[in-house]
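Trainee: One structure coming up, written as structure tokens, with questions to follow.
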Amino acid sequence: MDARILLVEDDPSIREITALGLRGAGFSVATAADGPEGLARFRADRPDLVLLDVMLPGLDGLEVAREIRRESTVPIVMLTARGDTLDIVVGLEAGADDYVRKPFELPELVARVRAALRRGRGGPGDAEHLRLGPLVIDAGARTVARDGAVIPLTRTEFDLLVELARRPGQVFTREVLLERIWGYDFLGDSRLVDVAVGRLRAKVESEPASPTLIVTIRGVGYRAGG
Amino acid sequence: MAATSPGERHGLGIRARLAIVVVVLVALTATVLGIGASAFVDASLRDRLRADALQQADYDLGVLIPTALPDGIDPTSLTASGLLETFRLRGDVKTIVDFGDGDPVVSSFDLVGLLASLPPELRPIVDRGEIGYAWTSVAGHSALVLAGRPAAGGPAFFFVHDASDIDRALAQLRIALLVGSLLLIGVALATARAVARGILRPIDAAGRAAARIADGQLDARVPTTSRDEFGTWAAEFNRMADTLEATIERLRSAESRNRRFVADVAHELRTPLTALVAEASLLRGELGALPPDARRAGELLVADVARLRSLVDDLMEVSRFDANAEQVTTEPVDLGRRLGALVAARLPAAQLTLPDQPVVIETDPRRLDRIVGNLLDNARLHAPGAPVTVSLAQSSGAVTVTVADRGPGAGPADADLERLFERFAKADPARPGGSGLGLAIAREHAELLGGSLRAAADPGGGLRFELRLPVTESLPAGDGPVMGGRHGQPRSEPAGSPPR
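Line order of the protein sequences matches chains U and P. In terms of our numbering, the first sequence is residues 150 to 375. In terms of our numbering, the second sequence is residues 3 to 502.
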């Protein structure tokens, strides 16, 4: 695996040891020390994944995530302080795909990075074509269209949509989705699912406040409607 | 604490007592005065009527009758003389003339039988040739009867004067006195109230101020308007409140400085700690390549970094509790599954007992993880190697998660058990491991979830922790599992956040 990762982290020690660990795991790593620099490196390098510290001087991590999301569907993994629960939700809503709490052990971080990169690599039935209500999903080309217009989705959002649309009517628990999409076996954060569903709805539902394509089954999880 | 209303006091309040005393005094005075006044008026009215009647009877018996009937008096001549009609017309006086034959002549039919009811003392007076009188009643009205014989002798004349005017006058007087008394009592009551309010106003104000202070409004004061004893007292009260407020403010700011310091320390430690944890995790994989001494040092370093990490994590968690920055996000949680996964992840050796039916309650799964995880860590650290059992039971309105170990326990007394939940409390100071905050944190989480966490000494030795969580009704189906935290805003499940 020779994926290119952009690491945006202001603390030199953390930046150095994290880069060291990632390189040791076989990634090629570019680093940036603050928000503006991170954004510039992103535009210059077009990495395969961005690791983003939330607390950054200059332009904070949430702003950087929003900027990147405007122009790319690249996976973003946030590095966040433990227990800053609001930060986590805001970060996910800003467009992050996953988060790793500080302090983290390097194997844990590498596992999250790999899981994020795995998404979007396609799965079984690559040339699959799916329909969900007015949506036309081309699993091979990884595109979703509504009335002929292509909707840009992040890889997480796309995988989530395909997972649900493959078995319309079947209810997926949050745990199952966490395992299949994010690669968590247990103790994943169900907010990852909730926020991703929210973002997906905002893009594909005609009326996100009263969703019909992705339906909440209270106390259980989600299922595809339509 | 609400201000006590008069009804909550034992016995009668000052207002009621003052009102009762005043009303009783006024009523007593009014009664005595009324009785005296009506007796005096009664007597004087009767005196006048009697004097007038006597004068008239004197004239009638001495002058009028002898002149009209100079030849002696018999029933026939009497009737023919028209004297009785004259008396009636002159002053509404009815007359009975008794000839001693048991068949008296009466001027009005309602007088029949009156003679028999007159007091017997009257007859001797009349027989002596004097004029006697008696008070009686005719057809329900008061009447004055004067009795006498004409100077020249003859039958006894009984002049019956109507006295019902006196009765009416007295009745009117009594009504007037009653109305006057009632008015007086009313005025007295109003005065008593006004006086009581005047006296009690400062006390009421002080009571309200004290209640507000008790409610936490430390700036409440008593108005010091008067210059009397109450004014002095109010000033003293306010001085006390000033001192109290200043002391509490000082303590509060010291406490919040302390908390901020703890939060700052934990926060500042986090960045180097993050680097340390990452570095140690890298080092751990390379320990085998080091020379033996360095390897041992490396192992200790890795272990100590883990200890430092749990301490800083717990400190940050505690400081968030202290800052009231916690919010609770609930969702339906299958407790059995959650516990199973937790035990598998944190202490696979523990024995888990679950009820046959799945137990699903509305709670915050992340907090539940922290509580049970900390209890399992505690069992692992303080009862190493001892059997640990985790069980789940449901009763009406609550579920109980029990984590029991067969370790050394805490100590014989209940106080020892409670001390487990104090920050940095350790059952055995010599035993290493743990931040000393885990159980305190677990209890804070339990209380945030509306439940409780208690420790008990297991009869068979060891410690038993019981986490009780309330079973709340699930919200209606739909989006938005929400429960407000202490200061947290309710967070709803995203129905569709706007694209950013």
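Glycine residues also receive a C-beta, built at the ideal position from the N, C-alpha and C atoms. Just so it is clear, the structure is predicted and the values come from calculations on it, not from any experiment.
Would you report the Cα separation of residue 478 of chain P and residue 364 of chain P, rounded to the nearest angstrom?
Mentor: Residue numbering aside, residue 478 of chain P sits at position 476 when the second sequence is read from its first letter. Residue numbering aside, residue 364 of chain P sits at position 362 when the second sequence is read from its first letter. Low confidence applies to residue 478 of chain P: its pLDDT is 44, below 50, so where it sits in the model is not reliable, and the reading given next is rough at best. One C-alpha to the other measures close to 12 Å.
Trainee: Note down the Cα distance separating residue 190 of chain P from residue 237 of chain P, rounded to an integer number of angstroms.
Mentor: The count along the second sequence starts at 1 and reaches residue 190 of chain P at position 188. The count along the second sequence starts at 1 and reaches residue 237 of chain P at position 235. Computed Cα separation, rounded: 33 Å.
Trainee: Going by the DSSP bridge assignment, what does residue 137 of chain P pair with across the sheet?
Mentor: Here the question's residue 137 of chain P lines up with position 135 in the second sequence. Answer is P:146.
Trainee: Quick check on the burial criterion: 16 or more other C-beta atoms within 10 angstroms. Buried or exposed for residue 376 of chain P?
Mentor: Position 374 of the second sequence holds residue 376 of chain P. Buried, because 16 or more other Cβ atoms sit within 10 Å of the Cβ of residue 376 of chain P.
Trainee: Would you check if there are 3 or more beta carbon pairs closer than 8 Å linking the stretch 257-269 of chain P to the stretch 293-303 of chain P?
Mentor: Touching, no.
Trainee: How far does the beta strand (DSSP E) with residue 280 of chain U in it extend, from its first residue to its last?
Mentor: By one-based count along the first sequence, residue 280 of chain U stands at place 131. Segment 278-281, the beta strand (DSSP E) holding residue 280 of chain U.
Trainee: Should residue 480 of chain P go down as buried or exposed, given a rule of 16 or more other Cβ atoms within 10 Å for buried?
Mentor: Taking the first residue of the second sequence as position 1, residue 480 of chain P is located at position 478. A caution first: residue 480 of chain P carries a pLDDT of 42, below 50, which makes its placement in the model unreliable, though a value can still be read off. The residue is exposed, with fewer than 16 neighbouring Cβ atoms inside 10 Å.
Trainee: Using beta-carbon positions only, say whether residue 153 of chain U and residue 197 of chain U come within less than 7 Å of one another.
Mentor: Your numbering for residue 153 of chain U matches position 4 in the first sequence. Your numbering for residue 197 of chain U matches position 48 in the first sequence. The answer is yes: Cβ separation under 7 Å.
Trainee: Which ranges does the beta strand (DSSP E) cover as unbroken runs of at least 3 residues, wholly within the stretch 204-250 of chain U, from first to last along the chain?
Mentor: DSSP runs (the beta strand (DSSP E)) wholly in the stretch 204-250 of chain U: 225-230.
Trainee: Could you tell me whether any Cβ in chain P is nearer than 7 Å to the Cβ of residue 301 of chain U?
Mentor: Residue 301 of chain U sits at position 152 when you count from the first residue of the first sequence. Residue 301 of chain U does not count as touching chain P.
Trainee: Would you please verify whether the beta carbon of residue 474 of chain P is less than 7 Å from any beta carbon of chain U?
Mentor: In the second sequence, counting from the first residue as 1, residue 474 of chain P sits at position 472. No, no contact with chain U.
Trainee: Please list the residues of the stretch 280-308 of chain P that have a C-beta atom closer than 7 Å to any C-beta atom in chain U, keeping them in chain order.
Mentor: From the stretch 280-308 of chain P, only 280, 281, 283, 284 have a Cβ closer than 7 Å to chain U.
Trainee: So for residue 398 of chain P, helix, strand or coil by DSSP?
Mentor: Numbered from its first residue, the second sequence carries residue 398 of chain P at position 396. Reduced to three states, the DSSP call for residue 398 of chain P is coil.
Trainee: Tell me where the beta strand (DSSP E) around residue 350 of chain U begins and ends.
Mentor: Start at 1 with the first residue of the first sequence, and residue 350 of chain U comes out as number 201. That residue, residue 350 of chain U, is in no beta strand (DSSP E); its alpha helix (DSSP H) goes 339-353.
Trainee: Could you tell me which residues DSSP puts in a beta bridge with residue 322 of chain U?
Mentor: Numbered from 1 along the first sequence, position 173 holds the residue referred to as residue 322 of chain U. In DSSP, residue 322 of chain U forms a bridge with U:370.
Trainee: When the Cα atoms are used, what is the spatial distance from residue 332 of chain P to residue 292 of chain P?
Mentor: Mapped onto the second sequence, residue 332 of chain P falls at position 330. Mapped onto the second sequence, residue 292 of chain P falls at position 290. Rounded to the nearest angstrom, the two C-alpha atoms are 49 Å apart.
Trainee: If you measure between the beta carbons of residue 250 of chain U and residue 222 of chain U, is that distance less than 7 Å?
Mentor: Counted from its first residue, the first sequence places residue 250 of chain U at position 101. Counted from its first residue, the first sequence places residue 222 of chain U at position 73. Not closer than 7 Å, so no.
Trainee: Should residue 174 of chain U and residue 259 of chain U be called a contact, given that it needs their Cβ atoms to be closer than 7 Å?
Mentor: Residue mapping note: residue 174 of chain U aligns to position 25 of the first sequence, counting from 1. Residue mapping note: residue 259 of chain U aligns to position 110 of the first sequence, counting from 1. For residue 174 of chain U and residue 259 of chain U, yes; Cβs fall inside 7 Å.
Trainee: Within a Cβ cutoff of 7 Å, which residues of the same chain sit near residue 319 of chain U, ignoring the five residues on either side of it in sequence?
Mentor: The sequence position of residue 319 of chain U within the first sequence is 170, counting from 1. The residues are 372.
Trainee: Restricting to Cα atoms, I'd like to know which of P:91, P:59, P:71 is closest to residue 134 of chain P.
Mentor: The residue given as residue 134 of chain P occupies position 132 in the second sequence. Among P:91, P:59, P:71, the Cα nearest to that of residue 134 of chain P belongs to P:59.
Trainee: Which residues in the same chain have their Cβ closer than 6 Å to the Cβ of residue 323 of chain P, if we skip the five residues on either side of it in sequence?
Mentor: To locate residue 323 of chain P, count along the second sequence from 1; it is residue 321. Excluding residues within five positions, the ones whose Cβ falls inside 6 Å are 446.
Trainee: Quick check on the DSSP output: the beta strand (DSSP E) that includes residue 408 of chain P runs from which residue to which?
Mentor: Here residue 408 of chain P refers to the residue found at position 406 of the second sequence. It is not in any beta strand (DSSP E) - residue 408 of chain P carries neither H nor E in the DSSP assignment.
Trainee: With DSSP as the reference, please indicate the residues paired to residue 336 of chain P in a beta bridge.
Mentor: On the second sequence, residue 336 of chain P is found 334 positions in, with the first residue counted as 1. In DSSP, residue 336 of chain P forms a bridge with P:362.
Trainee: On the criterion of 16 or more Cβ atoms from any shown chain inside 10 Å, does residue 250 of chain P qualify as buried, or is it exposed?
Mentor: Here the question's residue 250 of chain P lines up with position 248 in the second sequence. Classification for residue 250 of chain P: exposed.
Trainee: What does the Cβ neighbour count give for residue 163 of chain P, buried or exposed, with the cut at 16 atoms within 10 Å?
Mentor: By 1-based counting over the second sequence, the position of residue 163 of chain P is 161. Answer is buried; the Cβ neighbour count reaches 16.
Trainee: Tell me which same chain residues have a C-beta within less than 7 Å of the C-beta of residue 235 of chain P, skipping the five on either side of it?
Mentor: Translated into positions along the second sequence, residue 235 of chain P becomes position 233. Here the set comprises nothing.
Trainee: At the level of alpha carbons, what is the spacing between residue 137 of chain P and residue 73 of chain P?
Mentor: Here residue 137 of chain P refers to the residue found at position 135 when the second sequence is read from its first residue. Here residue 73 of chain P refers to the residue found at position 71 when the second sequence is read from its first residue. Approximately 33 Å between the Cα atoms of the pair.
Trainee: Does the Cβ-Cβ distance between residue 224 of chain P and residue 211 of chain P come in under 7 Å?
Mentor: If you number the second sequence from 1, residue 224 of chain P lands on position 222. If you number the second sequence from 1, residue 211 of chain P lands on position 209. Yes.
Trainee: Considering only residues of the same chain and omitting the five flanking positions on each side of residue 180 of chain U, which have a CB-CB separation below 6 Å?
Mentor: Taking the first residue of the first sequence as position 1, residue 180 of chain U is located at position 31. Cβ within range, chain order: 156, 164, 168.
Trainee: I need the DSSP call for residue 345 of chain P, collapsed to helix, strand or coil.
Mentor: Within the second sequence, residue 345 of chain P is the residue found at index 343, counting from 1. In this structure, residue 345 of chain P counts as helix in the three-state DSSP scheme.
Trainee: How big is the Cα-Cα spacing for residue 96 of chain P and residue 66 of chain P?
Mentor: Along the second sequence, read from residue 1 onward, the residue named residue 96 of chain P stands at position 94. Along the second sequence, read from residue 1 onward, the residue named residue 66 of chain P stands at position 64. Straight-line Cα distance between these residues: approximately 16 Å.
Trainee: With 7 Å set as the bound, which would you pick, yes or no: does the beta-carbon of residue 277 of chain P sit closer than that to a beta-carbon of chain U?
Mentor: On the second sequence, residue 277 of chain P is found 275 positions in, with the first residue counted as 1. Yes, contact with chain U.
Trainee: Enumerate in chain order the residues of its own chain whose CB-to-CB distance from residue 68 of chain P is below 7 Å, with the five nearest sequence positions on each side excluded.
Mentor: Locating residue 68 of chain P in the second sequence gives position 66, counting from the first residue. Result list for residue 68 of chain P: 152, 153, 154, in chain order.
Trainee: What residues from chain P crowd round residue 255 of chain U, counting only those whose CB sits closer than 8 Å?
Mentor: To locate residue 255 of chain U, count along the first sequence from 1; it is residue 106. 280, 283, 284, listed in chain order.
Trainee: Once you ignore the five residues that flank residue 218 of chain U on each side, which residues in its own chain have a CB closer than 6 Å to its CB?
Mentor: Here the question's residue 218 of chain U lines up with position 69 in the first sequence. Closer than 6 Å at the Cβ level, and outside the excluded window around residue 218 of chain U, lie 244.
Trainee: Could you give the first and the last residue of the continuous beta strand (DSSP E) run that contains residue 267 of chain P?
Mentor: The residue given as residue 267 of chain P occupies position 265 in the second sequence. Run containing residue 267 of chain P: none in the beta strand (DSSP E); it sits in the alpha helix (DSSP H), 231-288.
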